[in-house]
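These notes concern the structure reproduced below.
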Ligand code: FES
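In the numbering used here, the protein residues as written are 2 to 105.
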């Protein structure tokens, strides 16, 4: 497991998805209020960037822009078809005001 610095909370726009590349991983990072979520930036239905999709702050989900599957940001579980498999989710820690993500 490796830990990578993501920056500080204010580096992220509330309710927007941003793609980040870290050490060969392509991730989608989403801030909702005071929380930051990190998933693999690859829909589990087909190979498509989730960072291009809309975020629902109300349900804490992200929509795949290609066919509309919704994924729960807290754990990457699919909440609607056509996706049936989860997207990998990574824990985010806060240390001295810096956000860090742990990836394998
Ligand atoms: S590629 Fe994401 S729902 Fe089909």
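All C-beta atoms in this analysis are idealised placements derived from N, C-alpha and C, irrespective of residue type, glycine included.
Exercise. Near residue 7, what residues of its chain come up, given a Cβ to Cβ distance below 6 Å and the 5 sequence neighbours on each side ignored?
Worked result: 100 and 102
Problem set entry | residue 87 Cβ short of 8 Å to the ligand FES heavy atom set | no
Problem set entry | heavy atom of the ligand FES below 8 Å from residue 83 C-beta | yes
Problem set entry | Cβ shell of residue 85 (< 7 Å), same chain only, five flanking positions each side left out | 79
Problem set entry | Of the residues 49, 59 and 55, the one placed nearest residue 88, counting alpha carbons only | 49
Problem set entry | Cα-Cα separation, residue 76 to residue 11 | 23 Å
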